Amino acid sequence: MAIVFNPADYEELRRHGQDTYPHECCGILLGTSQAEQRQVQGVVRMRNVNAATPENRFDFDPREHLRVQREARERGLEIIGFYHSHPDHPARPSQFDLDHASWPGYSYVIMSVAQGKTGAVNSFELAEDRSHFIQEELAVAGADL
Ligand SMILES: [Zn+2]
Numbered sequence: 055m056a057i058v059f060n061p062a063d064y065e066e067l068r069r070h071g072q073d074t075y076p077h078e079c080c081g082i083l084l085g086t087s088q089a090e091q092r093q094v095q096g097v098v099r100m101r102n103v104n105a106a107t108p109e110n111r112f113d114f115d116p117r118e119h120l121r122v123q124r125e126a127r128e129r130g131l132e133i134i135g136f137y138h139s140h141p142d143h144p145a146r147p148s149q150f151d152l153d154h155a156s157w158p159g160y161s162y163v164i165m166s167v168a169q170g171k172t173g174a175v176n177s178f179e180l181a182e183d184r185s186h187f188i189q190e191e192l193a194v195a196g197a198d199l
């Protein structure tokens with residue numbers, strides 16, 4: 055699989071990680087998926103409701119999650135993935151991320167935010183047996199990364 059952003063959505067994603075630094079940001083990616091790629095058509099910021107350790111954990115508000123699902127349906131879009139940031143840590147899934155990623159068939163986008171500045175952004179898919187993540191191609195329409 056591959057995931058393709060338009061430049062505005064990609065900027066919005068990167069900005070979110072900076073806005074919440076040094077806490078993790080989290081959000082939902084809306085769009086459409088075809089055989090070989092997912093096309094992002096909306097970046098929806100979610101609140102990180104993890105009060106204990108928001109600098110290295112995130113939790114969605116379940117009601118907010120349901121509202122986004124409903125709005126996506128109304129706009130004729132699907133939830134194609136989820137994103138969060140790793141403040142001052144690499145853009146790779148942690149063991150915690152693996153333990154808490156529920157569904158194959160989605161993109162899990164992780165960005166590294168070092169000293170308040172968003173750096174690498176990578177996207178992963180969960181293997182069918184949920185034992186590991188597989189990195190997938192991330193592209194921005196009209197840009198060479
Ligand atoms: Zn993580």
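Under this note's numbering, the sequence shown has 111 at position 57, and the numbering climbs by one with no breaks. Backbone N, C-alpha and C define an ideal beta-carbon position, used for all residues, glycine too. These numbers were taken from a predicted model, which means no experiment stands behind them.
GLY170 versus ALA106: straight-line alpha-carbon distance, rounded:
Position 116 of the sequence shown, counted from the first residue, corresponds to residue 170. Position 52 of the sequence shown, counted from the first residue, corresponds to residue 106. In a straight line, the C-alpha of GLY170 is about 21 angstroms away from that of ALA106.
From the DSSP output, which residues share a beta bridge with PRO144?
Numbered from 1 along the sequence shown, position 90 holds the residue referred to as residue 144. DSSP output for PRO144 lists no bridge partner at all.
Please tell me whether SER161 and CYS79 are closer than 8 angstroms, where the distance is taken between their beta carbons.
For this step, residue 161 is matched to residue 107 along the sequence shown. For this step, residue 79 is matched to residue 25 along the sequence shown. It is not a contact, given that the beta carbons lie outside the stated cut-off.
So, for GLU66: in the same chain, excluding its five sequence neighbours on each side, which residues have a beta-carbon less than 7 angstroms away from its beta-carbon?
Position 12 of the sequence shown, counted from the start, is the residue given in the question as residue 66. Within the same chain, GLU66 has close Cβ partners VAL97.
Smallest Cα separation from GLU182: which of LEU152, HIS143 and VAL94?
Working through the sequence shown from its first residue, we reach residue 182 at position 128. Here the closest residue by C-alpha is LEU152.
Tell me which residues share the same chain as ASP63 and place their Cβ nearer than 6 angstroms to its Cβ, disregarding the 5 neighbours each side in the sequence.
Sequence index remark: in the sequence shown, residue 63 carries index 9 (1-based). VAL94 and VAL97, listed in sequence order.
Cβ neighbour criterion (16 or more within 10 Å) applied to THR74
Position 20 of the sequence shown holds residue 74. With 16 or more other Cβ atoms within 10 Å, it is buried.
Using the Cα positions of PHE114 and ILE57, report the straight-line distance between them to the nearest angstrom.
On the sequence shown, position 60 is the one that residue 114 refers to. On the sequence shown, position 3 is the one that residue 57 refers to. Going by the C-alpha atoms only, they are around 22 angstroms apart.
If you scan the region 92–173 from start to end, which runs of the beta strand (DSSP E) of 3 or more residues do you find wholly inside it?
132–141 and 161–168
Quick one: grab the DSSP three-state call for GLY81.
In the sequence shown, residue 81 corresponds to position 27, counting from 1. Strand.
Close-in-space but distant-in-sequence residues of the same chain around ALA168 (CB under 7 angstroms, 5 per side omitted):
Numbered from its first residue, the sequence shown carries residue 168 at position 114. Correct list, in chain order: ASP142.
Going by DSSP, what residue range makes up the alpha helix (DSSP H) through GLN189?
In the sequence shown, counting from the first residue as 1, residue 189 sits at position 135. Not the alpha helix (DSSP H): GLN189 falls in the beta strand (DSSP E), residues 187–194.
If you follow the alpha helix (DSSP H) that ALA56 is in, where does it begin and where does it stop?
Within the sequence shown, numbered from 1, the residue matching residue 56 stands at position 2. From DSSP, ALA56 is part of no alpha helix (DSSP H) but of the beta strand (DSSP E) over 56–59.
Tell me whether ILE188 counts as near ligand 1, meaning its Cβ is closer than 7 angstroms to at least one heavy atom of that ligand.
Against the sequence shown, residue 188 aligns to sequence position 134. Flag unset: Cβ of ILE188 not near ligand 1.
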